[in-house]
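Okay, so here's the structure we're looking at.
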Amino acid sequence: MKRNDKVQIISDQLPPSLRYRLASLIGKEAATFLWNANKRFRLDAPVLRELRAIKYSLETETWEIYIPQMIPRDPHFTLYGDASFLGGGAYSDELLFWFRIVWSPDIVAGTKLKASNPNYVHINSLEFLVAFLQEVATVVRLEGTSHAHPGLAHKFPNGFSQFPVLLNRTDNTPTEKWMNDARTNSPFARLLVDLHGQLLKRSPLTALSDHIPDISHFTLDEKLRLFPAESRTLLRPALLSILQSKAGATDDPRKSGTLRSRRLHFLKFCYDMNLRDDYLMNGPDFPHERRVATFALYTVALATGRTIKGQYIKSATIKQYLHAAASFICLFTGRDPRYNNPSDTKMSPDIHATIAEVERHENVPNKLEPYTVGI
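The sequence shown lines up with residues 1 to 375 when you count with UniProt numbering.
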């Protein structure tokens with residue numbers, strides 16, 4: 001059996017997310033073996049060509065960095081952008097530009113393929129592409145003149161800095177890492193990151209990236225709409241800071257996974273009960289009383305062991321299930337389905353009655369059976 005056939009057999013047994021690492025691992029093992037063998041090996045033409053190209057690059061290209069690019073400095077421009085499976089966009093208040101992109105049908109189709117497909121498009125690549133286009137737009141603006149636009153002349157009366165600093169705000173962690181490091185091991189973004197490095201090489205721009213904690217942009221946009229249109233751009237950074245402070249530290253992956261599982265469990269409950277006419281409960285004719293009643297029925301289901309793992313849980317855990325589902329529904333309705341009225345400080349009596357019975361049952365000594373509706 002040939003070596004490539006063995007590699008293919010091993011690759012087929014790995015999940016798609018790990019297959020791309022197989023070639024590098026085998027390459028490292030082979031390099032270690034050759035280095036320790038203390039023997040001479042004949043190199044073929046492709047390898048020699050690659051080595052000559054690397055040697056030529058090291059000998060002819062200037063490797064330098066200016067002192068201002070080595071010193072941590074405050075950004076001159078801050079850009080905000082985001083991407084989805086349909087398109088992307090970004091804007092800059094300081095540089096007075098914005099853009100919107102709609103992905104081509106080929107890209108949209110690529111996002112729906114399996115990771116093993118060569119035409120697969122990862123969402124992280126789209127996020128980084130939007131960040132890279134922000135960088136391109138900034139370089140184009142910098143290569144012009146600050147007096148080309150009246151607004152720019154007002155913001156930069158002395159012209160642009162000779163070594164400007166760009167800060168890209170993103171909610172995508174890989175984009176933050178690729179932008180700051182200018183390198184990646186991901187096969188999905190290697191070429192884009194290479195373009196990012198080439199752009200920095202031809203420009204005095206220093207491009208940094210900062211991660212925005214996971215905050216509902218729906219909430220941010222909704223709050224911005226409370227203010228006049230001409231004030232929203234100015235108020236956005238401060239309002240974002242308020243929401244970040246309110247949100248606190250980003251949850252760890254385990255907590256986020258638990259929250260997601262409990263929300264999906266509530267949707268499955270609605271599906272099993274044939275409550276499929278409006279999963280988000282935000283229709284114009286959907287009464288709030290029905291939301292409360294649905295959560296009361298969900299409370300009974302949780303109390304009688306219809307949980308994610310089919311286990312009986314304590315009253316405190318039932319409240320956590322309800323909170324996870326209610327916080328999801330609130331994103332679409334603006335009303336907490338656990339309370340009859342917005343001013344209430346206690347959950348609806350229909351919900352509280354079941355939780356109180358579970359708490360009473362927990363305090364029963366030497367109980368022989370779990371809580372049931374009959375009890």
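All C-beta atoms, glycine included, are put in the ideal place defined by N, C-alpha and C.
Since this is a predicted model, take the numbers as computed values, not measurements.
For I101, the enclosing beta strand (DSSP E) covers residues 97-102. Taken in chain order, the complete alpha helix (DSSP H) segments of 4 or more residues contained in the region 135-221 are 150-155, 173-181, 190-201. Within its own chain, the residues whose Cβ lies closer than 6 Å to the Cβ of T138, once the five positions on either side in sequence are excluded, are L166, listed in chain order.
Assigned with DSSP and collapsed to three states, T304 falls in coil, not helix or strand.
R202 and H196 have their alpha carbons spaced roughly 10 Å apart. A residue is called buried once 16 or more other Cβ atoms fall within 10 Å of its Cβ, and F295 is buried on that count. Taking the Cα of I242 as reference, the smallest distance to any Cα among L267, I212, K268, L22 is reached at I212.
As summarised for the region 10-91, the continuous alpha helix (DSSP H) elements at least 4 residues long and confined to that stretch are 16-37, 45-60, 67-70, given in chain order.
Per DSSP, the continuous alpha helix (DSSP H) segment holding G110 begins and ends at 105-110. For A356, the enclosing alpha helix (DSSP H) stretches over residues 349-362.
Counted as a single uninterrupted DSSP element, the alpha helix (DSSP H) harbouring T317 occupies residues 315-333. Contact between L220 and L240 holds: CB atoms are separated by about 6 Å, below the 8 Å threshold. By the 16-neighbour rule on beta-carbons within 10 angstroms, A353 is exposed.
In this structure C270 is in contact with R276, their Cβ atoms being roughly 7 Å apart against a cut-off of 8 Å. Per DSSP, reduced to three states, the secondary structure at V130 is helical. Going by beta carbons, P164 and L142 fall inside the 8 Å limit.
Between the region 164-184 and the region 107-114, the count of C-beta pairs closer than 8 Å stays below three; the two stretches do not touch. R291 has its alpha-carbon roughly 10 Å from the corresponding atom of A326. Close CB contacts of R169 within its chain, under the 6 Å cut and outside five residues either way in sequence, are with Y80, D210, I212 (chain order).
In this structure, N124 sits away from A229, with a CB-CB distance that is not shorter than 8 Å. The C-beta of A109 has fewer than 16 other C-beta atoms within 10 Å across all chains shown, which makes the residue exposed. The straight-line gap separating the alpha-carbon atoms of N185 and L14 is approximately 18 Å.
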